[in-house]
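Novice: Handing you this structure, nothing more for now.
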Amino acid sequence: MLPGSPELQELCTIVSRAIGGLDDLELSLNKFTGSLTSSLVTQVIDSCKSEAPTRRLLRFFSWCHKNLDYGLKDKDYNYGIRVFAEKKDHMAMHILLSDLVKTGRAMEAQTFGLVAEALVKLGREDEALGLFKNLSTYKCPQDGHTVTGIVNALCSRGHAKRAEGVVWHHRDKIAGIEPCIYKSLLYGWSVQENVKEARRIIKEMKSAGIMPDLFCYNTFLRSLCMKNLKCNPSGLVPEALNVMIEMKTYRIFPNSISYNILLSCLGRTRRVKESCNILETMKKTGCSPDWVSYYLVARVLYLSGRFGKGNKMVDEMLAEGLQPNCKFYYDLIGILVGNERPYYALELFERMKASSLGGYGPVYDVLIPKFCRGGDFEKGRELWDEAMAMGVTLRCSSDLLDPSITEVFKPIRNEEKLSLIDCAKAKDQEKVKKKMGKTKKTKKKMTERKVKKKMTKMEVKKKIKKLSLRFCIRIHWLKMKTLEKYLKQYDIERDRELKHGTWTISIKTLETDIATDMGSCGALDPQSSTKLTCPVGLVRRRGIGEGIVLHALEVAWE
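According to full-length UniProt numbering, the sequence shown is numbered sequentially starting from 1.
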């Protein structure tokens with residue numbers, strides 16, 4: 001069937017139509033009077049896969065399955081499954097796989113690889129492994145191609161441990177494809193940034209007689225740099241250079257991709273000096289930097305505020321004869337505009353126009369509003385006229401060129417003082433100050449009181465040491481002021497003799513008011529003698545310092 005045949009055009013129009021539901025689609029297909037063949041089905045799906053939704057493609061395939069019955073071949077089913085796998089439509093894949101089993105068709109190894117990859121990307125790695133275990137149901141053998149497919153699918157998302165399990169159970173089926181399997185496993189551990197396991201895979205390759213190539217070392221270098229980027233940024237350069245020295249010992253010379261991996265991580269940590277040194281190292285070692293290398297260094301220079309040096313780096317790149325793509329200029333101009341350096345961005349734009357790359361519209365759409373909102377309407381008008389003369393289609397409005405419409409944003413950083421009267425946070429703080437009464441004077445008084453209290457406590461401790469008391473009295477219901485008075489008036493001694501099951505405390509001089517204070521809490525009877533006795537049951541012993549506790553009165557070792 002020719003690509004421009006009327007039958008193909010009619011079916012493509014029906015399937016791609018956005019009006020109507022799936023039932024309307026099937027009714028329109030039932031009115032089709034042309035001859036339907038398996039090759040026509042494949043052509044329709046191939047023509048409409050980028051335009052029509054997957055559900056309409058699935059309904060069309062189901063309609064063809066009903067009308068052609070056994071007219072569809074194995075390759076038609078496999079092609080349909082691959083299309084739905086590329087679109088990551090899990091339900092459509094499941095339906096077609098069920099139809100494939102019911103009709104007794106065979107699934108190809110390529111189809112299985114795409115389905116497994118789609119399932120893993122959807123987070124259904126268990127389902128992908130189950131499909132691999134039951135390949136006999138789909139009349140697909142478990143050979144080296146299918147083992148490679150499931151290992152690649154698992155390692156693409158970092159499931160290297162499960163992939164190693166598959167390799168271990170089917171190691172007799174990977175003869176001759178060991179390098180491919182090892183590369184997939186190395187990539188899987190690198191996705192997890194597991195440097196230790198990635199190094200183990202490289203050692204296993206060497207022990208198996210398989211020499212790691214440039215791809216393996218670049219993969220390992222990426223995992224090492226990403227790990228150091230998060231945990232040890234200072235070790236980025238020395239550890240990466242050690243890996244490159246190891247590569248050279250095996251006559252594997254680092255290329256620009258190897259150095260760009262390191263430059264990318266250095267740029268993320270704003271290591272300007274080290275980035276420039278790595279670029280010079282590339283030139284000295286005979287590895288010619290590409291435009292990505294210059295882009296990474298110029299980017300970190302712009303981000304760190306070294307705008308003139310960044311432009312010199314771009315000039316050096318152009319002098320080397322390297323021609324970057326439009327994305328190079330888009331990104332760097334965006335960084336300069338974001339850092340409030342539109343004139344440096346304009347200089348870079350002139351270099352872009354000198355290289356005749358084209359695609360100037362997005363740059364004009366960024367620069368014209370920036371100059372106009374910054375107050376430079378003349379430069380904005382000049383850029384607008386230049387774009388119109390070149391026939392560039394602009395997305396920004398011409399109202400930007402009108403000073404009466406466009407609001408100019410002036411910097412306010414030069415103001416000496418910032419007023420916080422209208423700030424909501426300042427108002428809340430003022431309310432709290434009024435409520436708590438914490439003005440400057442009250443704060444000063446509070447600090448003075450705290451100092452006095454601290455001084456009083458320290459004086460008490462000094463007096464206790466001077467009196468050389470063997471016991472420290474803590475009376476919990478009295479205040480610190482009365483404690484100082486009592487220490488001056490009384491000398492308390494402890495009678496060590498235990499008489500008739502009681503402890504005896506001797507107080508030499510006892511005044512009535514103090515006895516009343518103590519007796520009010522039940523510690524001492526004001527009418528009793530100067531000797532106080534208590535039952536042994538009230539005695540509390542504590543390790544080194546044994547003491548007597550009478551309700552709130554406590555006599556303990558100092």
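The C-beta atom is built at its ideal place from N, Cα and C for all residues, glycine as well.
Is I210 near Y187, with beta carbons less than 9 Å apart?
Specialist: Going by C-beta atoms, I210 is not nearer than 9 Å to Y187.
Novice: So the candidates are L97, L383, S404, Y329; which of them puts its Cα closest to the Cα of L394?
Specialist: The option with the nearest alpha carbon to L394 is L383.
Novice: Have a look at L263 and V237 and give me their C-alpha separation to the nearest angstrom.
Specialist: L263 and V237: Cα-Cα distance of roughly 9 Å.
Novice: If I follow the unbroken alpha helix (DSSP H) through Q9, where does it start and stop?
Specialist: Note, Q9: alpha helix (DSSP H), 6-16.
Novice: In this structure, does DSSP put E26 in helix, strand or coil?
Specialist: It is helical.
Novice: V83 and R56: beta carbons closer than 9 Å?
Specialist: Cβ atoms of V83 and R56: not closer than 9 Å.
Novice: For G334 and S190, what's the separation of their Cα atoms in angstroms?
Specialist: Taking the straight line from one Cα to the other gives about 32 Å.
Novice: What's the C-alpha gap between D376 and S404?
Specialist: Cα-Cα distance, rounded: 13 Å.
Novice: With DSSP run on the structure shown, which of helix, strand or coil describes C396?
Specialist: C396 falls in the coil class under three-state DSSP.
Novice: If you count every other CB in all the chains shown that lies within 10 Å of the CB of T249, and 16 or more means buried, which is it?
Specialist: Per the 10 Å Cβ criterion, exposed.
Novice: Extract the residue ranges of the alpha helix (DSSP H) inside the stretch 286-372, only unbroken runs of 4 or more that lie entirely within it.
Specialist: Runs of the alpha helix (DSSP H) inside the stretch 286-372: 291-303, 307-319, 326-338, 342-354.
Novice: List the whole-angstrom C-beta distance separating L114 from A92, where the pair is believed to meet the contact cut-off of C-beta under 8 Å.
Specialist: Going by Cβ atoms, the distance from L114 to A92 rounds to 13 Å, so no, they are not a contact pair.
Novice: By Cβ distance, which residues of its chain are closer than 8 Å to G176, with the 5 residues on each side in sequence left out?
Specialist: The residues are G144.
Novice: Residues in the same chain with beta-carbon distance under 6 Å from L357, minus the five sequence neighbours each way, listed in chain order, please.
Specialist: Around L357: C326.
Novice: What residue from P53, D399, L8, K49 has the CA that sits closest to S38's CA?
Specialist: Residue L8 is the option with its Cα nearest to S38.
Novice: Is the beta carbon of R268 sitting closer than 9 Å to the one on L229?
Specialist: Going by C-beta atoms, R268 is nearer than 9 Å to L229.
Novice: Cα separation between E415 and K379?
Specialist: Residue confidence is low: E415 scores 48 on pLDDT, short of 50, so the model does not pin down where it sits. Its coordinate-derived value is still stated next. Those two C-alpha atoms are separated by around 27 Å.
Novice: Exposed or buried, what is H159 when buried is set at 16 or more other beta-carbons lying within 10 Å of its beta-carbon?
Specialist: Under this definition H159 is a buried residue.
Novice: Spatial neighbours of E347 within its chain, please: CB distance less than 7 Å, with the 5 preceding and 5 following residues excluded, ordered by chain position.
Specialist: Contacts found: N311.
Novice: On a Cα-Cα basis, can you pick out the residue from G130, D74, E26, R17 that is closest to T42?
Specialist: Residue D74 is the option with its Cα nearest to T42.
Novice: How big is the Cα-Cα spacing for N232 and R270?
Specialist: Taking the straight line joining both Cα atoms gives about 14 Å.
Novice: CA-CA distance, R373 and T406?
Specialist: Roughly 7 Å separates the two Cα atoms.
Novice: What are the start and end residues of the alpha helix (DSSP H) that includes S47?
Specialist: S47 -> alpha helix (DSSP H) spans 38-48.
Novice: So A109 and G149 are supposed to be a Cβ contact under 8 Å. How far apart are they, rounded?
Specialist: Right, their Cβ atoms sit about 6 Å apart.
Novice: Please return the same chain residues whose Cβ sits closer than 8 Å to the Cβ of V337, not counting the five positions on each side in sequence.
Specialist: Hits under 8 Å: A345, V366, L367, K370.
Novice: Confirm, please, whether the CB-CB distance from N134 to T111 is below 9 Å.
Specialist: No, Cβ-Cβ distance for T111 and N134 is not below 9 Å.
Novice: Since R59 is in the alpha helix (DSSP H), which residue starts that stretch and which ends it?
Specialist: Counting along the chain, the alpha helix (DSSP H) containing R59 begins and ends at 54-68.
Novice: Smallest Cα separation from V314: which of Y329, G305, R171, S304?
Specialist: Nearest of Y329, G305, R171, S304 to V314, Cα basis: Y329.
Novice: Roughly how many angstroms lie between the CA atoms of M247 and A153, to the nearest whole one?
Specialist: Spanning the two alpha carbons is a distance of roughly 28 Å.
Novice: List the endpoints of the continuous alpha helix (DSSP H) containing Q110.
Specialist: Here the alpha helix (DSSP H) through Q110 covers 109-121.
Novice: With respect to the alpha helix (DSSP H) encompassing F220, which residues constitute its N-terminal and C-terminal limits?
Specialist: Here the alpha helix (DSSP H) through F220 covers 214-231.
Novice: Is D89 helix, strand or coil when you go by DSSP?
Specialist: It is coil, neither helix nor strand.
Novice: Rounded to whole angstroms, how far is the Cβ of C265 from the Cβ of C216, which I believe are closer than 8 Å?
Specialist: Going by Cβ atoms, the distance from C265 to C216 rounds to 19 Å, so no, they are not a contact pair.
Novice: Among A387, S35, K284, K273, whose alpha-carbon lies nearest the alpha-carbon of S304?
Specialist: Closest by alpha carbon: K273.
Novice: Distance, Cα to Cα, Y343 vs E117?
Specialist: Distance between the alpha carbons of Y343 and E117 is about 48 Å.
Novice: Please check the pair L256 and S293, which I expect to be a contact at CB under 8 Å, by giving their CB distance rounded to whole angstroms.
Specialist: One point to set straight first is that residue 256 is Ser, not Leu, in the sequence displayed. Rounded, the Cβ-Cβ distance is 6 Å, consistent with contact.
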